[in-house]
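Numbering (my numbering), first residue to last: 9 to 203.
Even for Gly, the Cβ is constructed at its ideal location relative to N, Cα and C.
This one's a predicted model, so the numbers in the text were calculated from it and none came from an experiment.
What follows is the structure, encoded as structure tokens:
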């Protein structure tokens, strides 16, 4: 019975693999999530029980927010330190002379200067500068992340698409059924041939 309960909780553990071990979490017969501590508390507590929703909330609090730096640098590695450009491989920092486009860059400097379009191509093999339909070249003119703005633009494009009258299909005119020609002149219509 305990193995069945352990596998039902392991799906949750799979979401946060770096945060906790699947061998320390199981679902008790009362429906609570029991977490076995790595080292016991000072009072001797070795396990902690949570309601499933509370357990998920605590796990979600441990997960980092997207696109937020987790590492803070101090001293010469701080973003605004005057010596940062001298100690970092990318040579970025306060009071650092920028390299002009004419000068040859080292691989480290070139890597630091990659755009996000180039990084998408290198990491995920996604080339957003080439049209998927015709193969022509595209240019990124804006990166819009606000959902309201995206919805307004798409609604406008749909309206514009509906206003344009569809082009007539380029098909040949319909053919008439074959004509019935009389075989013999003056005979009844039963002796006709279809061509």
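Mind checking whether residue 38 and residue 55 have CB atoms under 8 Å apart?
No.
Tell me, to the nearest whole angstrom, how far the beta carbon of residue 138 is from that of residue 146; I am working on the premise that it is less than 8 Å.
Their Cβ separation, rounded to whole angstroms, is 7 Å, which keeps residue 138 and residue 146 in contact under 8 Å.
Pull up the CB-CB distance for residue 41 and residue 58, whole angstroms please, since I reckon it's below 8 Å.
For a cut-off of 8 Å, the C-beta gap from residue 41 to residue 58 is around 5 Å, short enough to register as a contact.
Could you check which residue in 141, 156, 160 and 136 has the C-alpha nearest to that of residue 149?
The residue with the shortest Cα to Cα distance from residue 149 is 136.
Cβ neighbours of residue 94 in the same chain (closer than 7 Å, five flanking residues each side left out)
Take residue 94, set aside five residues on each side of it, and no residue of its chain has a beta-carbon closer than 7 Å to its own.
List the residues that DSSP assigns as beta-bridge partners of residue 58.
Beta-bridge pairing links residue 58 to 41.
Between the C-alpha atoms of residue 131 and residue 140, what's the straight-line distance to the nearest angstrom?
C-alpha of residue 131 to C-alpha of residue 140: approximately 19 Å in a straight line.
From the DSSP secondary-structure annotation, give me the bridge partner or partners of residue 36.
Answer is none; residue 36 lacks a bridge partner.
Quick one: residues in its chain with C-beta nearer than 8 Å to the C-beta of residue 66, no 5 flanking neighbours on either side, listed in chain order?
58, listed in sequence order.
Would you identify the three-state DSSP class for residue 76, choosing helix, strand or coil?
Coil, per DSSP.
Kindly indicate which three-state DSSP category residue 204 falls into: helix, strand or coil?
Residue coverage of the chain in this structure runs from 9 to 203, which leaves residue 204 outside it and unanswerable.
What is the residue span of the alpha helix (DSSP H) that residue 156 lies within?
Under the DSSP assignment, residue 156 falls in the alpha helix (DSSP H) whose first and last residues are 155 to 171.
Sort 76, 178 and 162 by Cα distance to residue 152 and report the nearest one.
Relative to the Cα of residue 152, the nearest Cα in the group 76, 178 and 162 belongs to 162.
Burial state of residue 34 (16 or more Cβ within 10 Å):
In this structure residue 34 is buried. Its beta-carbon is surrounded by 16 or more other beta-carbon atoms within 10 angstroms.
If I follow the unbroken alpha helix (DSSP H) through residue 92, where does it start and stop?
Counting along the chain, the alpha helix (DSSP H) containing residue 92 begins and ends at 92 to 95.
Got a sec, what are the start and stop residues for the alpha helix (DSSP H) residue 178 sits in?
Segment: none, residue 178 is in no alpha helix (DSSP H) and carries neither H nor E.
Which partner residues does residue 29 have in the DSSP bridge list?
As far as DSSP is concerned, residue 29 takes part in no beta bridge.
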